[in-house]
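Input: a single structure, listed below in C-alpha cells.
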Amino acid sequence: MAKTAPPKKKGVASVHSRAAKRASSPGIDLDKSLKDVKPPETKTQRPSVLAIHQGAGISKKSKNGRKAVLSAKAKKRQEKGMDRAEAVMDKKEKKVEKSKGKARTVQERAKAWDELNKRMLAKK
C-alpha cells in the first residue's frame with residue numbers, strides 16, 4: 001500500500017481565503033441607522049423610460065417602383081406558398097374536429113352508470 005503524506009500543521013489562513021472574507025463581512029443586524037430615517041414627504045415624478053413609444057416594434061421598408069412588382073416566377077412561388085398554407089390549415093382543421101370528436105366520445109363513456117342504465121331501460 002502507498003503511504004499517505006503526514007498531516008500539515010494549521011497555519012494562518014490567507015487574507016484571500018473564503019473563511020477570511022466571511023469573517024470580515026458585516027452582519028445583517030449591524031446597520032441600525034436606517035431605522036430612524038423617515039421617507040421623503042414629496043415624491044419626484046419622472047417620465048417612464050420604459051413606456052412604449054409609437055415606433056416600437058419591427059418594421060420592414062416597403063418596396064417602391066420597379067421592385068414592388070413581382071416577377072412571374074416570384075408570383076408563382078408566392079401562390080404556391082399560399083396554396084400550401086391553405087392545405088395545412090385544412091389539415092389542421094380536420095385534426096381539431098377529429099380530436100373534439102374523440103374527446104366527446106371519452107366524455108360520453110365517462111358519464112354516470114345510473115344514467116346509462118336508465119337510457120338502456122328506456123330503449124327496451
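Just so it is clear: in the sequence shown, position 55 is 55 by UniProt numbering, and no numbers are missing. The beta carbon of each residue, even a glycine, is placed where N, CA and C say it ideally should be.
Would you kindly check if the distance between the Cβ of residue j and the Cβ of residue i is under 7 Å?
i     : j     : result
Ala13 : Ala19 : yes
On the DSSP letters alone, give me the boundaries of the alpha helix (DSSP H) that residue i sits inside.
i      : result
Lys32  : Note, Lys32: premise wrong, no alpha helix (DSSP H); not H, not E.
Lys43  : Premise fails: Lys43 is in no alpha helix (DSSP H) and is neither H nor E.
Leu70  : Run containing Leu70: none; DSSP gives neither H nor E here.
Ala2   : Where Ala2 is concerned, there is no enclosing alpha helix (DSSP H), given that its DSSP letter is neither H nor E.
Asn64  : Careful: Asn64 lies outside any alpha helix (DSSP H) and carries neither H nor E.
Lys9   : It is not in any alpha helix (DSSP H) - Lys9 carries neither H nor E in the DSSP assignment.
Ala112 : Premise fails: Ala112 is in no alpha helix (DSSP H) and is neither H nor E.
Quick check: does the Cβ of residue i come within less than 6 Å of any heavy atom belonging to the ligand SAM?
i     : result
Ala56 : Within the structure as shown, the ligand SAM is missing, as the structure has no ligands at all.
Using a C-beta cutoff of 7 Å, does residue i count as contacting chain D?
i    : result
Ala2 : In the structure shown, chain D does not exist; there is a single protein chain.
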